[in-house]
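With my numbering as the guide, the letters of the sequence shown map in order to residues 825 to 891. Virtual Cβ for every residue (Gly too), placed ideally from N, Cα, C. All figures in this text were calculated on a predicted structure; none of them were measured in a lab.
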Amino acid sequence: MARLLSMANLTVGALLMFALSDIAGWTWFENTASKTIVFILSMLLVGNGIILAFREEETGVRRGRAT
């Protein structure tokens, strides 16, 4: 479950970062305040995805040592 949530967070965060860049030419966010909020949200999603991925790996290592 943690892997699925991690991948979903990374995907949504990357999509928001791509929408903020001018590569796609999308105009989802027009003013500076909305771009700032979306940037913070995307960084939180990407960070959370990375933390979940490492936490799941760390839990597996701990379980392997315990048995």
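C-beta atoms of residue i and residue j nearer than 9 Å
i: residue 866; j: residue 826; result: no
i: residue 830; j: residue 868; result: no
i: residue 834; j: residue 874; result: yes
Host alpha helix (DSSP H) of residue i (start-end)
i: residue 837; result: 826-844
Closest Cα partner of residue i within the set the options
i: residue 860; options: 828, 841, 836; result: 841
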